[in-house]
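Protein sequences, first through last, are from chains D, S, U and L.
By our numbering, the letter at position 189 of the first sequence is numbered 192, and the numbering carries on one by one without gaps.
By our numbering, the letter at position 20 of the second sequence is numbered 23, and the numbering carries on one by one without gaps.
By our numbering, the letter at position 157 of the third sequence is numbered 160, and the numbering carries on one by one without gaps.
By our numbering, the letter at position 25 of the fourth sequence is numbered 28, and the numbering carries on one by one without gaps.
C-beta: ideal position from N, C-alpha, C; glycine also.
4 protein chains.
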Amino acid sequence: MANGKNGKNGKKPGNGSDKSRVSRSDYQARVEQLQVELNQLARWLQHTGKRLLVLIEGRDTAGKGGVISAITDALAPRWCRAVALSKPSERETTQWYFQRYVTHLPAAGEIVLFDRSWYNRAGVEAVMGYCTPEQTASFLRQVPVFEQLLVDDGLLLFKYWLCVDQALQEERFAERLSDPLKRWKLSPVDLQARARYQAYGEARDRMLQATHTPHAPWTLVDFNDQRRGRLTLIRHLLDQLPDTALPEPQMEFPMLPGKPRRERFAGPLRPIRSVA
Amino acid sequence: MANGKNGKNGKKPGNGSDKSRVSRSDYQARVEQLQVELNQLARWLQHTGKRLLVLIEGRDTAGKGGVISAITDALAPRWCRAVALSKPSERETTQWYFQRYVTHLPAAGEIVLFDRSWYNRAGVEAVMGYCTPEQTASFLRQVPVFEQLLVDDGLLLFKYWLCVDQALQEERFAERLSDPLKRWKLSPVDLQARARYQAYGEARDRMLQATHTPHAPWTLVDFNDQRRGRLTLIRHLLDQLPDTALPEPQMEFPMLPGKPRRERFAGPLRPIRSVA
Amino acid sequence: MANGKNGKNGKKPGNGSDKSRVSRSDYQARVEQLQVELNQLARWLQHTGKRLLVLIEGRDTAGKGGVISAITDALAPRWCRAVALSKPSERETTQWYFQRYVTHLPAAGEIVLFDRSWYNRAGVEAVMGYCTPEQTASFLRQVPVFEQLLVDDGLLLFKYWLCVDQALQEERFAERLSDPLKRWKLSPVDLQARARYQAYGEARDRMLQATHTPHAPWTLVDFNDQRRGRLTLIRHLLDQLPDTALPEPQMEFPMLPGKPRRERFAGPLRPIRSVA
Amino acid sequence: MANGKNGKNGKKPGNGSDKSRVSRSDYQARVEQLQVELNQLARWLQHTGKRLLVLIEGRDTAGKGGVISAITDALAPRWCRAVALSKPSERETTQWYFQRYVTHLPAAGEIVLFDRSWYNRAGVEAVMGYCTPEQTASFLRQVPVFEQLLVDDGLLLFKYWLCVDQALQEERFAERLSDPLKRWKLSPVDLQARARYQAYGEARDRMLQATHTPHAPWTLVDFNDQRRGRLTLIRHLLDQLPDTALPEPQMEFPMLPGKPRRERFAGPLRPIRSVA
């Protein structure tokens, strides 16, 4: 897990735009290769009973949902699930902060991807004033201890921050606003957040400083080109874990006993007319 | 809801293969138009507080997951969710059969899509012998009464059966077997089911006869061409519901106060090197 | 289940006060005998896998909690539990009315006692205006159908209404008000309900008329003397079910290998000083 | 919280039997006084939004259930609840050990009493071989850190160990075996545990040594006389918390408008005949 070191020697922020974007077809071919490896990883987790938790954090529009789908689409739902908690209920806000997240930690053989996570308290909640500065400070003290407990328990924990420059963020906000199929992704809070780009950056810096620990390091990934970002993140994740190839269960696929049948109905009901 | 009638005069099973397949690009353009209408529907549900439940049933490989994704991808997760229950626990198998499904019924403004549903008891459970014939018979007696309760309560309930000929099913099974990214979709039970295509058809006929009621009719949709099937099913669903267009909430999108910023980090941590 | 008939020929309301009250010691001896039979019943339920649901309804102070405790105190928590739902959340109020109750229906071998039940909608909700008259009317139409589904499914369902005259109710309210250990049982709603004794009675009459069905009859029990009420209700419940005596599992209780030991501590910590 | 110190200077184990037993009537009077104070405590918790968690541990028959009932009986269920987790499911056994306990931690204003707790892993699980020695060792390392997180978060945490000599334990086992109303409290595991009295004691010593911390100290209470034990434990708990008396909400109790009414029924249904 040479993440911290790689990170230090890694590319400068914003450099992503210097490279040409990954094309859709190139992306498709490369992501499928990674998805094959993800399946191998999933079989290894089930074989060993290990548990994998991946936290995906980053600014609005950074591409959290996209990379999570790229992973979950390739895997059986019984092995891998995404968790995106909605606003806590009033009662939940008075509980131990980690309580509602703990409920969703993986069991043996499972992959859980958190789309935003407990780090909300250091990000949106801090910047938008949904919690007090004392609550954020207390959270930043608790996190390394809490994560140590999980890691000591054998949980495989990875934390990714998806980086995006404001120019790209603005493009994506504009697209969400104009595309009727993406508009639901926009909330008034998102729009308020636009003007606070810098405040979010400062909150993130405080968070990284307090919670980038040897036992649970952060990995930053450039998502100015979302396709390249996804390929980079998944490649990195796979590289942290053994690539033990386990044989797939063989399944018999004998010849059908007769001619394939058509879907026929004994009763009066028939398929409706298909669209032209 | 002229479903029953349309159905009777509708196309014959298997005719789907007479038409040329819908191309990917044609599909993309047409499904997006439907997705815009689905957003309109979602706003109408929220405005009126109505609840929508859609049961998606059909043979293995028919395309249940695909049409559900086509709907959920376009809608905010807080408005619309898919429910695919896994095998009941031992304790659950002794409870009222509908109990674990009732938990997931929609609240005001919500769309719930059941990927398989209580009809398991008349399909896979009956054919594979996971329940007794008495249990299936009892289930078929209870269903119309249970669904009447829901509909009387104001729930909007739609039940779709996705039709697929065995030749197509075989093609898709073979594809799942050979494609490492689709292999997780195959279970030994699926393969056992291949040879029982006819038994499944007979079970389905009994189910349709017992549960195609005026208050909760079935709609059969040809999914031999899955893209056409999806377009047909979503078009049909939209046609059953008012197309009241409600104005979208207007959102302010003011100019940024200054030049867009880049993602910069105060500490030593930097994004890792992107893949080439 | 000759309940309806017995009921008609039964004692007049309020007659309970003609008899002398059951003394504490008499009660204790008699309830323990019933509790032994309840254990026998519980073993029979586990042996047969049957499920038992008992709804306990009645006015405030009637003694619902007391009779429920008399039953649960005698039985292992894994066999028997009481369910007292608190106020529904806002989201729950928009769901199918029975939804949150269905969650708590018993599994094989279990006894569930509902301390108030779905009948809230015909009682307190109707009288206090927490639901519309249409909602109550709709509820009263749905109940017999819903209960038929449960009974047809093999659930053993019993519904008890605990009767109390207003003079006794007033006494008990006054006691709750004056006893600091009972004051938490009083809510402002209870006190508002005092003046609506008659309205509650009328609501109950409409409820009985609509929901006293052959498959799920009501049983009224005089609780003017709470001890006698408890004995009567439990006796009645036991009489509706077979009194099949199943042998208890034999447990070995061999001699201890040596002299009994004292609780000793290796470390410095010792028990605190006991109160005098 | 002078627990540790008091403990050291406290009474010797087993001394409880030197005092005469607390009589039932004496107990009743004294516990009611404590229950009044518990109500005061509950109001203080609600007023301040603080959360109280009490772990009740001890050998079989020590009296855990009894002291928990003495507390919960006096308090509204919405303020105070007992949690007794049953055996973990197979999936739960592979999760983070604390996961299923965290779910039940109190929210603002709540009292939660754990009837056995996470300390199972250092007690019954260790002695009976339900977990590996490594799992117990890992648990004992995690506990102080985990409890520190909770306490730092403001949770009021108290841990009680109920002491009972083996002679008393044997008496109580014998009583459970002979009393048909108590037999359900006996499981085969309990009987196996009899012969391991000393092994349990050693496991408890290791547990105390590893987890008696300044932020979450243990308190040992002699339960050889269960009534005296209950009075001692509740008195101790109350003494650790402020005895701020908050005024009870005043409730109006106006005269009834007319003569108290009797429970009358419009329909044919009447109360059943009461037992003699």
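Assumed close pair residue i, residue j - CB separation to whole angstroms, cut-off 8 Å
| i | j | result |
| --- | --- | --- |
| L153 of chain L | W99 of chain D | 6 Å |
| L240 of chain S | F117 of chain S | Not quite, the Cβ-Cβ distance comes to about 14 Å (not below 8 Å), so this is no contact. |
| T64 of chain D | R175 of chain D | 4 Å |
| M254 of chain L | L189 of chain U | 6 Å |
| V25 of chain U | L184 of chain L | About 19 Å separates the two Cβ atoms, so there is no contact after all. |
| R124 of chain L | F142 of chain L | 4 Å |
| F256 of chain S | L180 of chain D | 6 Å |
| F268 of chain S | D225 of chain D | Not a contact, Cβ separation roughly 12 Å. |
| P263 of chain D | E173 of chain S | 6 Å |
| E266 of chain D | V167 of chain S | 6 Å |
| Y163 of chain S | L58 of chain S | 7 Å |
Beta-carbon contacts of residue i that lie in its chain and below 8 Å, excluding the five residues immediately before and after
| i | result |
| --- | --- |
| V130 of chain U | A196, R199, A202, Y203 and A206 |
| E113 of chain L | L48, R54, L55, W82, C83 and R84 |
| F101 of chain D | W121, Q145 and F149 |
Environment of residue i [buried if 16+ CB atoms lie within 10 Å]
| i | result |
| --- | --- |
| S89 of chain S | exposed |
| A177 of chain D | exposed |
| T27 of chain D | Correcting the residue type first, residue 27 of chain D is Arg in the shown sequence and not Thr. Classification for R27 of chain D: exposed. |
| A248 of chain U | exposed |
| V169 of chain U | The sequence given here places Gln at residue 169 of chain U; Val does not occur at that position. Q169 of chain U should be labelled buried. |
| G261 of chain D | exposed |
| Q31 of chain D | exposed |
| H215 of chain S | buried |
| L259 of chain U | exposed |
| S23 of chain S | exposed |
| S92 of chain U | exposed |
Reduced DSSP category for residue i - H, G, I as helix; E, B as strand; rest coil
| i | result |
| --- | --- |
| D228 of chain D | coil |
| Y133 of chain D | coil |
| E251 of chain U | coil |
| W99 of chain S | coil |
| A111 of chain S | coil |
| T75 of chain L | helix |
| D118 of chain S | strand |
| W221 of chain U | strand |
| F176 of chain L | helix |
| K162 of chain U | strand |
| I59 of chain L | strand |
| K278 of chain L | The amino acid at residue 278 of chain L is misidentified as Lys; the sequence shows Val. If DSSP states are grouped into helix, strand and coil, V278 of chain L belongs with coil. |
| R267 of chain U | coil |
| A198 of chain L | coil |
| V25 of chain D | coil |
| R33 of chain S | helix |
| V154 of chain S | helix |
| A85 of chain L | strand |
| A65 of chain U | coil |
Neighbourhood of residue i by C-beta distance below 7 Å, restricted to the same chain and skipping five residues each side
| i | result |
| --- | --- |
| Q229 of chain L | G66 and G69 |
| A73 of chain D | V34, R233 and I237 |
Proximal residues to residue i (C-beta, below 6 Å), its chain only, five neighbours per side dropped
| i | result |
| --- | --- |
| L37 of chain U | I237 |
| D2 of chain S | Shown here, chain S extends from 4 to 279; a query on residue 2 of chain S therefore has no answer. |
| E150 of chain U | A219 |
| A45 of chain D | L78 and W82 |
| E95 of chain L | R103 |
| query | What residues from the segment 205-219 of chain L come within 9 Å of chain U, judged by C-beta to C-beta, listed N to C? | reply | Within the segment 205-219 of chain L, the residues whose Cβ lies closer than 9 Å to any Cβ of chain U are, in chain order, E205, R207, D208, R209, L211, Q212 and H215.
| request: Scan the segment 250-274 of chain S for residues whose Cβ lies nearer than 9 Å to a Cβ of chain D and list them as they occur along the chain. | output: Those residues of the segment 250-274 of chain S placed with their C-beta closer than 9 Å to a C-beta in chain D are E251, P252, M254, E255, F256, P257, L259, P260, K262, P263, R264, R265, E266, R267, F268, A269, G270, P271, L272, R273 and P274, ordered along the chain.
| field | Interface residues of the segment 86-102 of chain D facing chain L [CB-CB below 8 Å] | value | Within the segment 86-102 of chain D, the qualifying residues are R94, E95, T97, Q98, W99, Y100, F101 and Q102.
| request: Select from the segment 119-153 of chain U all residues with a C-beta closer than 8 Å to any C-beta belonging to chain S, and list them in chain order. | output: Against chain S - using a Cβ distance shorter than 8 Å - the residues of the segment 119-153 of chain U are S141, R144, Q145, V148, F149, Q151, L152 and L153.
| Interface positions of the segment 102-114 of chain U facing chain S (Cβ-Cβ less than 7 Å), listed along the chain | So the close ones are Q102, V105, T106, L108, A110 and A111.
| Within 7 Å of chain S by C-beta, residues of the segment 216-242 of chain D in sequence order | For the segment 216-242 of chain D, the set of positions with a beta-carbon nearer than 7 Å to some beta-carbon of chain S reads W221, T222, L223, V224, D225, R231, L234, T235, R238 and H239 in chain order.
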